[in-house]
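Taking mature numbering (1 follows the signal peptide of the UniProt record, and there is no 0), I'd label the letters of the sequence shown as residues -28 to -1, 1 to 717.
Glycine is no exception: its CB is placed at the ideal position from the N, C-alpha and C atoms.
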Amino acid sequence: MAKAMCSLGACLAVMLVVLAAAVAGVGCSTVSYDGRSLILDGERRIVISGSIHYPRSTPEMWPDLIKKAKEGGLNAIETYVFWNGHEPRRRENEMEVFTALIVKKMKDANMFAGQGGPIILAQSAHEYIHWCADMANKQNVGVPWIMCQQDNDVPPNVVNTCNGFYCHEWFSNRTIIPKMDWDQPKFRRPTEDIAFAVAMFFQMRGSLQNYYMYHGGTNFGRTAGGPYITTSYDYDAPLDEYGNLRQPKYGHLKELHSVLKSMEKILLHGDYIDTNYGDNVKVTKYTLNATSACFINNRFDDRDVNVTLDGTTHFLPAWSVSILPDCKTVAFNSAKIKTQTTMMVNKTSMVETEHFKWSWMPENLRPFMTDEKGNFRKNELLEQIVTTTDQSDYLWYRTSLEHKGEGSYVLYVNTTGHELYAFVNGKLVGQQYSPNENFTFQLKSPVKLHDGKNYISLLSGTVGLRNYGGSFELLPAGIVGGPVKLIDSSGSAIDLSNNSWSYKAGLAGEYRQIYLDKPGNKWRSHNSTIPINRPFTWYKTTFQAPAGEDSVVDLHGLNKGVAWVNGNNLGRYWPSYVAAYMPGCHYCDYRGVFKADVEAQKCLTGCSEPSQQLYHVPRSFLNKGEPNTLILFEEAGGDPTEVAVRTVAEGSVCASAEVGNTVTLSCGARGRTMSSVDVASFGVARGRCGSYDGGCESKVAYDAFAAACVGKESCTVQVTDAFANAGCVSGVLTVQATCGSKSLK
């Protein structure tokens, strides 16, 4: 899981791996390990796990997520126990106390394998390596503890693991430890490359694979890390943010898992030999008794190869692995995807935006325009996270000064951000946010002081807190230390840094809980008109829940703020923040090493578009048969009249196959049917699923798919020689169909 697993100490104390089979009542009583694998109830087992974090989906979603994970070939699920979610406020000896608390709760519920429960592995945060390992081993959980990759300093009684995109070349320095991979994909990692990495890992004696993430979900409320992290934690995972199958990734990996599990005995007990066929081509043969199984990999990223094995020649595309369970017939190739591709679409709800009736309410800033009525005073500029105890994104720094006559100055504020609003004598004089990755900036705003007492109010805001990386918990936020100065035209400065500063965390609307729409709130609506582009404004409307499918709120037109549906916090929004255009935008080739750093990017999407515009509204957040209330706090000034409620559903489904293969198309399990077959051709030259520009059209293939699929939720068609037109150069048939309305039952 690379950096993310190894450096979440402030939000993660314990990670658990749970047998997915236990959901159906199947568990194990003993867990141990040797140099080949985990040993469950005395049997070596392949474990294919996926990360699904319970706070990032609603409890109502969990059964469906677990069901889809099992159907996708997983037999275990990894989840974090979020320290900051269970104990928002710190205390002494916190890590050890919290770990012991969670372990006790698990033991009380008989959750560990030795108690007949589903938990087979545990991990504690490992910033402190040996201290954490000693503390963990004292808990006596009865299952192995694992840790992030630490090749040169592995504590005793702890299982070392690999963390990264490719782990086939990694072997633990301790031979009694099985080989395990914690994979952390980023951006849009191609399906072919993930399958390539996993297949290579098992070729080279891997036995436990975890996908980070298998379902990413949503960071609801203020839980998104950062700074500047969106609420969507989709992660391009096999199950998308809403729990839908991401095809072809889900189906292609499902096929891989099935083949690997069919070879479990020979992979974990058989002898093996690796044979190099020149550069970048390797054959691994496993033998057990009279049986054999083979892997062939082609690590060239620019050429296909033919490999002859026991008299049979096998074609391998560049950057691919073929698996032959009998060393004769290829059962799986990582670069040959047979599963359909599904393009999900966002459709406007029956409740159109023009039907929304908005009302509004100004945020009450008046109490904060003087330095009176604060929580406390201090003659210094304090750090924001500690001062607010992270109970709000906002902290008011307020002071005053006497001035003789009128005067013009530049208000200079040095801050560690992430954003700052400056008010002088009740008027907004400046606003600024820091560019990503550089959270120290200087606000410089011209101001005028009047004769007598003048008030300066600075509102500092955070946009998510760092939760990974070296010493991340020590990174400051806010106007800590300053300086804050008033600089006149001659360059002379009045330093206010050591003034008496009054502190108050949060906004008045937060204290009043306006987002809960309590009785007594005075919402305004003048002939259905509302102010737009007005900072610090609350907006409210109601809508009917769309039927059936996943719902999202499209916050196009807004600037920056927070959204709630029926009092449930959807998270921070900032659609005006546009993602950069970077190398790798609109270019994606699965061949070659995938990297998620600035130097080598590819397969990026959303370039030069709003960082996030759609916000997940889980079905459990909505009222059945009653109006739903949407409340927005627009901090920076936006236009809510463009906001819409949309649904997420299957749009186009596509698949490619050769003669002799079968093609299965499906519009999902929610009653949607195929309304048309749009493409049935050999050698599609341009476009992608949903917008293919056909090649050599096949009327026979088109008629066959139209007859089998139109009006159906799913269909299967065998590709035969009769489909091929004379003169078609390609032997690969591509089919595209459109999923329309729900079928009538």
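Apart from the five residues just before and just after residue i, which ones in its own chain have a Cβ nearer than 6 Å to its Cβ?
{"i": "V456", "result": "V385, L468 and S469"}
{"i": "A709", "result": "V625, L637, M646, V649 and C681"}
{"i": "A465", "result": "K457 and I459"}
{"i": "I201", "result": "G436"}
{"i": "Y549", "result": "S583"}
{"i": "I305", "result": "Checking the displayed sequence, the identity of residue 305 turns out to be Asn instead of Ile. Contacts found: S292 and S294."}
Kindly indicate which residue of the options has the alpha-carbon position closest to the one of residue i.
{"i": "K399", "options": "K416, Y427 and H390", "result": "Y427"}
{"i": "R618", "options": "V589, G193, G539 and I309", "result": "V589"}
{"i": "A621", "options": "G683, Y674, T634 and V524", "result": "V524"}
{"i": "I268", "options": "V253, L479 and R275", "result": "V253"}
{"i": "G454", "options": "N351, S500, T513 and A477", "result": "N351"}
{"i": "E213", "options": "W142, D246, F54 and L586", "result": "L586"}
{"i": "C661", "options": "V75, W546, M316 and A679", "result": "M316"}
{"i": "residue 780", "options": "I466, N531 and D526", "result": "Because the chain here runs from -28 to 717, residue 780 falls outside it and cannot be looked at."}
{"i": "T359", "options": "Y545, K476 and Q414", "result": "K476"}
{"i": "M235", "options": "S264, P220 and I245", "result": "S264"}
{"i": "S583", "options": "K494, K39, F695 and R544", "result": "R544"}
{"i": "E581", "options": "M554, Q111, A72 and P289", "result": "M554"}
{"i": "A307", "options": "C299, N318 and F287", "result": "F287"}
{"i": "L337", "options": "V396, G703 and Q356", "result": "V396"}
{"i": "Y249", "options": "Y222, K226, D274 and L281", "result": "L281"}
Short check: CB of residue i to CB of residue j, under 8 Å?
{"i": "L217", "j": "T314", "result": "yes"}
{"i": "V293", "j": "Q175", "result": "yes"}
{"i": "H375", "j": "A449", "result": "no"}
{"i": "F168", "j": "W34", "result": "no"}
{"i": "residue 729", "j": "D36", "result": "Outside the displayed range of the chain (-28 to 717) lies residue 729, so it cannot be described from this structure."}
{"i": "F192", "j": "L542", "result": "yes"}
{"i": "residue 725", "j": "C(-1)", "result": "In this structure the chain extends from -28 to 717, so residue 725 is not present and cannot be described."}
{"i": "I92", "j": "V(-12)", "result": "yes"}
{"i": "A94", "j": "V69", "result": "no"}
{"i": "V131", "j": "W117", "result": "yes"}
{"i": "L260", "j": "I238", "result": "yes"}
{"i": "residue 799", "j": "E335", "result": "What the structure shows of the chain is the stretch from -28 to 717, and residue 799 is not part of that stretch, so it cannot be assessed."}
{"i": "I451", "j": "S472", "result": "no"}
{"i": "D611", "j": "N499", "result": "no"}
{"i": "T601", "j": "K532", "result": "no"}
{"i": "D165", "j": "Y562", "result": "yes"}
{"i": "F411", "j": "P199", "result": "yes"}
{"i": "E521", "j": "R642", "result": "yes"}
{"i": "V419", "j": "Y381", "result": "yes"}
{"i": "G539", "j": "L604", "result": "no"}
{"i": "S713", "j": "C668", "result": "no"}
{"i": "S670", "j": "F695", "result": "yes"}
Leaving out the 5 sequence neighbours to the left and right, which residues in its chain are closer than 8 Å to residue i when beta-carbon positions are compared?
{"i": "R8", "result": "R16, P150, R177, S179, L240 and H241"}
{"i": "A41", "result": "A(-9), G22, I24, I49, Y186, H187 and L211"}
{"i": "G14", "result": "T2"}
{"i": "S497", "result": "K329, W330, S331 and W332"}
{"i": "V115", "result": "V3, F84, A85, G86, I91, I92, L93 and A94"}
{"i": "A608", "result": "Q403, P507, N531, K532, G533 and S548"}
{"i": "N595", "result": "A517 and N538"}
Can you give the beta carbon distance from residue i to residue j, rounded, assuming they're within the 8 Å contact cut?
{"i": "G436", "j": "A652", "result": "Contact flag wrong, Cβ pair sits at about 47 Å."}
{"i": "T434", "j": "G529", "result": "About 24 Å; that fails the 8 Å criterion."}
{"i": "T706", "j": "S628", "result": "5 Å"}
{"i": "G655", "j": "C700", "result": "6 Å"}
{"i": "P599", "j": "T501", "result": "In fact, because the Cβ distance is near 21 Å, the residues do not count as touching under 8 Å."}
{"i": "K233", "j": "I245", "result": "Not really, about 23 Å apart at Cβ, beyond 8 Å."}
Taking the DSSP output, what are the residues bridged to residue i?
{"i": "R17", "result": "L10"}
{"i": "K457", "result": "Y384 and D467"}
{"i": "W536", "result": "N541 and I603"}
{"i": "E669", "result": "S653"}
{"i": "C557", "result": "L576"}
{"i": "H58", "result": "None, per the DSSP bridge assignment."}
{"i": "G379", "result": "L421"}
{"i": "K416", "result": "Y384"}
{"i": "T313", "result": "C626"}
{"i": "S264", "result": "T259"}
Give every residue of the same chain whose Cβ lies closer than 7 Å to the Cβ of residue i, excluding the five residues on either side of it in the sequence, and list them in chain order.
{"i": "C557", "result": "L576 and C579"}
{"i": "H224", "result": "T163, A167, I309 and T311"}
{"i": "T509", "result": "W332, P334, E335, P503 and E606"}
{"i": "Q690", "result": "T634"}
{"i": "K490", "result": "none"}
{"i": "D206", "result": "G188, D212 and E213"}
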